[in-house]
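J.: One structure coming up, written as structure tokens, with questions to follow.
Residue numbers (my numbering): 44 to 500.
Quick look at the structure:
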């Protein structure tokens, strides 16, 4: 009991320290993203090495559905929570209370949909894999609550606790995988369990901490529900189409190709997403920091984030493109060399997709999620026919090419929409001020590290 009390006390201190500046918040998110990246890569490499392409594909097929269907049915509430907290901080406890009720309802709906749908989508897989995937859908309400709680932490600027919640799950999963290897119990089913339950303890703990720190209030539930749902339903198309654009490729690969091909694709996605760490950091901080400001400030923050983020992402992607054949053989083994071409196409796509995702925050922070919904609809409307055309012809490289073309069209339309709102002011190329800012922030980090080193010595 004392251990739990001490741990809770540490978490409250950890989460209670809020971050005020954009660069400081981005630094914390970037650090946690790097940790998350290392943990996920380590886990993925171990699983791929011990299961091989076919086993990795079966395992990926089983754990795909809870997160996919849960994110599919968020109804825009995560974005709505961030937006309304920034607008009406005095009622934050009421918004959080409503979101908990909605998470339980929508999560249950996701479970029922998944249990019904999975047998049709996994028709090429064994009955035991189908049954396992159906049982995994029972976790959907917990996953939904975790999604909403992450948005609450983001809105409260509690990036430390947010980072803890994101990294603790993968860390526990990695420990479980290592334990399975050591005891020789590793197979697609046991590793799937490790992935699914890894985040449960920290999710429960974060919910407990939020419940204690934010005095939940169930007053004016009907009014808060109308406000959250009004913004959320407009933003829902963003979540819906965004989830489809991120995971539709995996759904089609699972449904139309073999488990071995799914294993290749899982590895390709893992490597191609390495440079995405920059975009993830910027988007996580940009929306809550920009929301509530005037339009000119939001525009300037977004454009600078786009220029710097795309520049850094581009450098990382180009380097990874040349190193990818060696990285696959070294990390995963020669069995996975069939993923090389797919990885290289996906890396090119990542540069374009990251830039578009950053620019979309301009509309979100301005309270115009409908604009983003239109842009996402354009992307998914092009994505589906391209995949259905190119996947049967070219396999995995066809899927990657469809994603590349879709991202390019999406970026073009985002720029057109922003130009209509801010005519003649679009500066997409990195400039001297951006370089000075990067150098300045780099020096600040260097000075902090040197000061910490001196204090330790």
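Where is the CB? At the ideal position from N, CA and C, for every residue including glycine.
1. Fully enclosed by the stretch 197-248, which alpha helix (DSSP H) runs are 4 residues long or longer?
2. Could you compute how far the alpha carbon of residue 149 sits from the alpha carbon of residue 191?
3. Please go through the same chain and pick out, in chain order, the residues whose beta-carbon is closer than 6 Å to the beta-carbon of residue 351, but skip the five residues on each side of it.
4. How about residue 108 and residue 179: do their beta carbons lie closer than 8 Å?
5. Quick check on the DSSP output: the alpha helix (DSSP H) that includes residue 308 runs from which residue to which?
6. Does the stretch 266-278 come close enough to the stretch 94-109 to have 3 or more Cβ pairs within less than 8 Å?
7. Quick check on residue 282: buried or exposed, where buried means 16 or more other Cβ atoms within 10 Å of its Cβ?
8. What residues in its chain sit with their C-beta under 8 Å from that of residue 49, if we drop five residues either side in the sequence?
9. Counting along the chain, where does the alpha helix (DSSP H) carrying residue 378 start and finish?
10. Do residue 77 and residue 320 come within 8 Å of each other at the CB atom, strictly closer than that value?
11. Just the Cα atoms here: how many angstroms apart are residue 52 and residue 245?
12. Measuring straight from C-alpha to C-alpha, what distance separates residue 57 and residue 93?
13. Using 8 Å as the threshold, is the stretch 387-395 in touch with the stretch 308-315, meaning 3 or more CB pairs across them?
14. Considering only C-alpha positions, which residue in the set 185, 395, 424 and 359 is nearest to residue 450?
15. Kindly indicate the opening and closing residues of the alpha helix (DSSP H) around residue 117.
16. Under 8 Å: do the stretch 121-130 and the stretch 160-168 share three or more Cβ pairs, one atom per stretch?
17. To which residues of the same chain is residue 349 closer than 8 Å at the C-beta, ignoring the five residues directly before and after it?
18. Taking the beta carbon of residue 413 as the centre, do at least 16 other beta carbons fall within 10 Å, making it buried, or is it exposed?
19. For residue 422, which of 286, 184, 271 and 196 has the nearest alpha-carbon?
20. Which same chain residues, not among the five before or five after residue 380, have their C-beta less than 8 Å away from its C-beta?
21. Is the Cβ-Cβ distance between residue 429 and residue 354 less than 8 Å?
22. Of the choices 443, 307 and 324, whose alpha-carbon is the least far from that of residue 378?
23. How long is the line joining the alpha carbons of residue 45 and residue 253, rounded to whole angstroms?
24. Mapping DSSP to helix, strand and coil, what is residue 470?
25. Which word fits residue 358, buried or exposed, when buried means at least 16 other C-beta atoms lie within 10 angstroms of its C-beta?
26. Cβ atoms of residue 325 and residue 405: under 8 Å apart, would you say?
27. Might you give, ordered along the chain, the residues of its own chain that have their beta carbon closer than 8 Å to the beta carbon of residue 118, omitting 5 neighbours on each side?
28. Go ahead and label residue 139 buried or exposed: buried means 16 or more other beta carbons lie within 10 angstroms of its beta carbon, across all protein chains shown.
29. Between residue 172 and residue 84, how many whole angstroms is the CB-CB distance? I'm expecting something under 8 Å.
30. With distance defined between alpha-carbon atoms, name the residue in 303, 97, 101 and 392 nearest to residue 363.
31. May I ask you to report which of helix, strand or coil DSSP gives residue 451?
32. For a quick check, are the C-beta atoms of residue 304 and residue 356 less than 8 Å apart?
33. Based on Cα-Cα distance, which residue from 441, 338, 443 and 344 lies nearest to residue 411?
34. What is the DSSP secondary structure of residue 479, counted as helix, strand or coil?
35. With distances taken from CA atoms, which of 122, 175 and 294 is nearest residue 239?
36. Who are the near neighbours of residue 249 in its chain, counting only those whose CB is closer than 7 Å to its CB and skipping five residues on each side?
T.: Looking at the coordinates:
1. Counting whole runs of 4 or more residues, the stretch 197-248 contains the alpha helix (DSSP H) stretches 202-225 and 231-240.
2. So the two alpha carbons sit approximately 11 Å from each other.
3. Excluding sequence neighbours, residue 351 sits near 477.
4. Taking 8 Å as the Cβ cut-off, residue 108 and residue 179 qualify as a contacting pair.
5. Segment 302-315, the alpha helix (DSSP H) holding residue 308.
6. No, they do not touch.
7. Residue 282 comes out buried.
8. Caution is warranted here: a pLDDT of 45 is assigned to residue 49, below 50, making its placement in the model unreliable, and no coordinate value can be reported.
9. Where residue 378 is concerned, there is no enclosing alpha helix (DSSP H), given that its DSSP letter is neither H nor E.
10. One thing to note: residue 320 has its Cβ within 8 Å of the Cβ of residue 77.
11. In this prediction, residue 52 scores a pLDDT of 44, lower than 50, which makes its location untrustworthy; no coordinate-derived value is stated.
12. No answer about residue 57 holds up, because its pLDDT of 37 lies below 50 and its placement is not dependable.
13. The stretch 387-395 is in contact with the stretch 308-315.
14. For the set 185, 395, 424 and 359, the Cα lying nearest the Cα of residue 450 is the one of 395.
15. For residue 117, no alpha helix (DSSP H) encloses it, and the DSSP letter there is neither H nor E.
16. Flag = no, the stretch 121-130 and the stretch 160-168 do not touch.
17. Cβ-Cβ distances below 8 Å link residue 349 to 398, 401, 402 and 471 in the same chain, with the five nearest sequence neighbours on each side left out; the list follows chain order.
18. By the Cβ-count criterion, residue 413 is exposed, with fewer than 16 other Cβ atoms from all chains shown falling within 10 Å of its own Cβ.
19. Of the candidates 286, 184, 271 and 196, 286 places its Cα closest to the Cα of residue 422.
20. So the list reads 368, 371 and 372, once near-sequence residues are dropped.
21. Result no, Cβ atoms of residue 429 and residue 354 do not sit closer than 8 Å.
22. With distances taken between Cα atoms, residue 378 lies closest to 307.
23. In this prediction, residue 45 scores a pLDDT of 46, lower than 50, which makes its location untrustworthy; no coordinate-derived value is stated.
24. In the structure shown, residue 470 sits in coil (DSSP, three-state: anything other than H, G, I, E or B).
25. Looking at its Cβ environment, which holds fewer than 16 other Cβ atoms inside 10 Å, residue 358 is exposed.
26. Result no, Cβ atoms of residue 405 and residue 325 do not sit closer than 8 Å.
27. So the list reads 145, 149, 272, 275, 276, 279 and 282, once near-sequence residues are dropped.
28. Looking at its Cβ environment, which holds 16 or more other Cβ atoms inside 10 Å, residue 139 is buried.
29. Contact doesn't hold; Cβ gap of about 25 Å is too wide.
30. Answer by Cα proximity: 392.
31. DSSP places residue 451 in helix when its eight states are reduced to three.
32. Taking 8 Å as the Cβ cut-off, residue 304 and residue 356 do not qualify as a contacting pair.
33. It is 338 whose Cα lies nearest to the Cα of residue 411.
34. For residue 479, the secondary structure class from DSSP, reduced to helix, strand or coil, is helix.
35. The shortest Cα separation from residue 239 among 122, 175 and 294 belongs to 175.
36. Correct list, in chain order: 192, 204 and 208.
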